[in-house]
Amino acid sequence: GQQLNQSPQSMFIQEGEDVSMNCTSSSIFNTWLWYKQEPGEGPVLLIALYKAGELTSNGRLTAQFGITRKDSFLNISASIPSDVGIYFCAGQGLDSNYQLIWGAGTKLIIKP
Amino acid sequence: GAGVSQSPRYKVAKRGQDVALRCDPISGHVSLFWYQQALGQGPEFLTYFQNEAQLDKSGLPSDRFFAERPEGSVSTLKIQRTQQEDSAVYLCASSVSGIEQFFGPGTRLTVL
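Top line first, the protein sequences correspond to chains F and R.
According to the working numbering, the first sequence holds residues 1 to 112 in order.
According to the working numbering, the second sequence holds residues 113 to 224 in order.
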């Protein structure tokens, strides 16, 4: 079945640094979504991408839908303490108009 | 406007007990999803409703799991004869499109 590989698994960064994470799929996706989850809460939708090559920003966050339709990237510029959390990518494959395939998450930790 | 709400937020059950988890979706959202999330993992799909119709229950792990949405709004996930492996966070999400899914805070179930 379809699989998503999300990397890195975790990141230790200094406040003010830029952050990059990515997801790759074994097959083509129609849609990529990026979510953030904080402890004790459900995932919160950050950015949705619908077209290959699409680049979309949400404040300091920028995400791109890869040209091959098999990957997506999320960048966070000038990280701040409230960026801490787990970031998940999720993709919609060709064989479903509702079911999402989820990555395992990237845990972002700010070094004290 | 109100987001997705779930109750209870925490549930402790003795092995063998039945539990019922409630989800109130965003008003007007046709699609409703239940997910199971293990610690350190992404959400795993359980079941999908479009209005009151349960269109996909392929992710339900066993026949002890049952979900309903009788009036196309509030949904209940019921787990009969709970087992320790059922311990997880159960997330509910609702959507207009089926793709951009908005999550509730989850119910953390602990089976002793």
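Cβ coordinates follow ideal geometry from the N, Cα and C atoms, glycine included.
Original post:
Using the rule of at least 16 other Cβ atoms within 10 Å of the residue's Cβ for burial, across every protein chain shown, is L189(R) buried or exposed?
Top reply: buried
Original post:
P43(F) CB to nearest chain R CB: under 8 Å?
Top reply: Among the CB atoms of chain R, one or more fall inside 8 Å of the CB of P43(F).
Original post:
Can you list, in chain order, the residues of the segment 15-31 of chain F whose Cβ is nearer than 9 Å to any Cβ on chain R?
Top reply: N30, T31
**OP:** Check whether the segment 93-107 of chain F touches the segment 47-58 of chain F, counting contact only when three or more Cβ pairs, one atom from each stretch, lie closer than 8 Å.
**Re:** no
Original post:
Which of the three DSSP states, helix, strand or coil, is assigned to S82(F)?
Top reply: helix
**OP:** Sort out for me which residues DSSP pairs I76(F) with in a bridge.
**Re:** Answer is V19(F), L61(F).
Subject >> Under 8 Å from the C-beta of L203(R): neighbouring residues of chain F >> reply: Per Cβ cutoff of 8 Å: G42, P43.
Original post:
Nearest-angstrom Cα distance between Q162(R) and G91(F)?
Top reply: 20 Å
**OP:** Report back the beta-carbon spacing between L203(R) and G42(F) to the nearest angstrom; my notes put them in contact at under 8 Å.
**Re:** 5 Å
Original post:
At a cut of 8 Å, does the segment 135-146 of chain R reach the segment 59-79 of chain F through at least three beta carbon pairs?
Top reply: no
**OP:** For chain R, find out if any of its Cβ atoms is closer than 8 Å to the Cβ of G66(F); answer yes or no.
**Re:** no
**OP:** Quick one: residues in its chain with C-beta nearer than 6 Å to the C-beta of L33(F), no 5 flanking neighbours on either side, listed in chain order?
**Re:** A48, A90
**OP:** Give, in chain order, every residue of the segment 85-103 of chain F whose Cβ lies closer than 8 Å to some Cβ of chain R.
**Re:** Of all residues in the segment 85-103 of chain F, the ones placed with a Cβ closer than 8 Å to any Cβ belonging to chain R are F88, A90, Q92, N97, Y98, Q99, L100, W102, G103, in chain order.
**OP:** Would you mind stating whether I80(F) and I13(F) have Cβ atoms separated by less than 8 Å?
**Re:** no
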